[in-house]
Amino acid sequence: MAGRMDGKVVFITGAARGMGRAHAVRLAEEGADIIAVDICESIPTVTQYPGATPEDLKETVALVEARGRRIVAEHADVRDLGRLQEVVKAGVSQLGRLDGVVANAGIGINAAWDKFTEQQFRDVIDINLVGVWNTVMASAPLLVEAGEGGSIVLISSAGGLKGCPFNLPYSAAKFGVTGLGKTLAAELGKHRIRVNTVHPGPVDTEMARHIMPYMADIAAGNEGLLSTFAHFIPGDVMDPVQISHAVVYLLSDESVWTTASAMAIDGGVTAF
1112 MAGRMDGKVV
1122 FITGAARGMG
1132 RAHAVRLAEE
1142 GADIIAVDIC
1152 ESIPTVTQYP
1162 GATPEDLKET
1172 VALVEARGRR
1182 IVAEHADVRD
1192 LGRLQEVVKA
1202 GVSQLGRLDG
1212 VVANAGIGIN
1222 AAWDKFTEQQ
1232 FRDVIDINLV
1242 GVWNTVMASA
1252 PLLVEAGEGG
1262 SIVLISSAGG
1272 LKGCPFNLPY
1282 SAAKFGVTGL
1292 GKTLAAELGK
1302 HRIRVNTVHP
1312 GPVDTEMARH
1322 IMPYMADIAA
1332 GNEGLLSTFA
1342 HFIPGDVMDP
1352 VQISHAVVYL
1362 LSDESVWTTA
1372 SAMAIDGGVT
1382 AF
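Last residue of the sequence shown? That's 1383 in the working numbering, and every number before it is there in order.
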């Protein structure tokens, strides 16, 4: 039975674990080959949870290969445009083409608005927004040059559609990603390259598992704002594969007329 991504190659950032790994595995199940990157180290200003490791990325490689697909996996920091360009070009050389992009890498630091350091704010913006721009700049020119269209998926957040208390730089960056996606969709449309943003709600990732226990303390004195994160579906968090299902749709030929959309997979968070 043919997969929905047979013959396609997808570039994914932040692929060592969490949503990035889920996207890689789910796309491989549908027949895609993968170019994967992750920094595979902790960010010094991110102290609430550990960063991914080289072993995590190796596990992603093993999971993709176990599904019979090829994967080129490298360590790369999305803040380094030159390194991303190098990896994507090498991946295309090995795998033969590029059809899709998932700008997934990101970090989160939770604190009250006046508790962020300048470096923390800059790190979140540099990774979650500038890193997304770098990802597109490293890959979109190859899609344009190939002349066969393509699909770019930018992972934003529910916090990119509504204010996200106690995560100010994250929400600022994710709103930026939302605007980036809509503008890129407009300009790349003539090349039949579609660009969409995906807006996850609560997802079971390393970041969420470590940060959620701190939220009551962080919100002390302003607890009412915790209702901002309410959703309609029972359960605290969703499996990352729920986001991956949407990513598969947006990268597949089923979505050739879907562009400039902001797809919320959030259990209703952004509707409340």
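We put the CB at the ideal spot given by N, CA and C, even for glycine.
Apart from sequence neighbours up to five positions away, no residue of its chain approaches residue 1155 with a beta-carbon distance below 8 Å.
Between the beta-carbon of residue 1272 and that of residue 1243 there is about 16 Å, and that puts the pair past the 8 Å contact cut. Here residue 1155 carries a coil assignment [DSSP, helix/strand/coil].
Under the 10 Å beta carbon count, residue 1280 is surrounded by 16 or more other beta carbons and is classified as buried.
Residue 1328 sits in a helix when the DSSP states are folded into three classes. Around the Cβ of residue 1231, a 10 Å sphere holds 16 or more other Cβ atoms; the residue is buried. With a beta-carbon spacing of about 5 Å, residue 1135 and residue 1145 fall inside the 8 Å limit used to define contacts. Under the rule that a run must span 4 or more residues, the alpha helix (DSSP H) segments found entirely inside the segment 1291-1347 read 1317-1322 and 1326-1329. Separation of residue 1372 and residue 1340 (C-alpha to C-alpha, rounded to the nearest whole angstrom) is 22 Å. At least 8 Å separates the beta-carbon of residue 1354 from that of residue 1379. Taken in chain order, the whole beta strand (DSSP E) runs of length 3 or more contained in the segment 1173-1259 are 1182-1186 and 1211-1214. Rounded to whole angstroms, the gap between the alpha carbons of residue 1219 and residue 1270 is 11 Å. Taking the Cα positions, residue 1240 is about 19 Å away from residue 1319. Put simply, the segment 1182-1192 does not touch the segment 1285-1294. Fewer than three CB pairs are less than 8 Å apart. For residue 1349, the three-state secondary structure derived from DSSP is strand.
By a beta-carbon distance limit of 8 Å, residue 1195 contacts residue 1148. Their separation comes to about 7 Å.
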